[in-house]
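Residue numbers (this note's numbering): 7 to 94.
Note that beta-carbon positions come from the ideal geometry of N, C-alpha and C, so glycine has one too.
For reference, the structure discussed in these notes is given below.
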């Protein structure tokens, strides 16, 4: 695992960092994870094997307008529109 990839995309600052600075950061992350792999603390050892979740696991599936029931907000707006349409 490398911190460089995550930090490069997570912060615009690292996108313009000097290559030597990024190399030092990568070396530091490699040393940290090498040491953490043999650390007596189980939480640090678990950090070495951490696999990030798939990038799209939090993206909601779009609601199928024809088959899925409307959510509470949509239902409230539709009922409000129906009431306003009857008074015109």
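Beta-carbon separation (whole angstroms), residue 42 vs residue 51, contact threshold 8 Å
About 7 Å separates the Cβ atoms of residue 42 and residue 51, confirming a contact at the 8 Å cut-off.
Would you kindly work out how many angstroms separate the C-alpha atoms of residue 32 and residue 87, rounded to a whole number?
57 Å
By the DSSP assignment, the alpha helix (DSSP H) with residue 6 in it spans what residues?
No statement about residue 6 is possible, as the shown extent of the chain runs from 7 to 94 and does not include it.
Coarse secondary structure for residue 6, derived from DSSP in three states
Outside the displayed span of the chain (7 to 94) sits residue 6, for which this structure offers no information.
Out of 54, 46, 21 and 47, state which residue places its alpha-carbon closest to the alpha-carbon of residue 36.
Measuring from the Cα of residue 36, the nearest candidate turns out to be 54.
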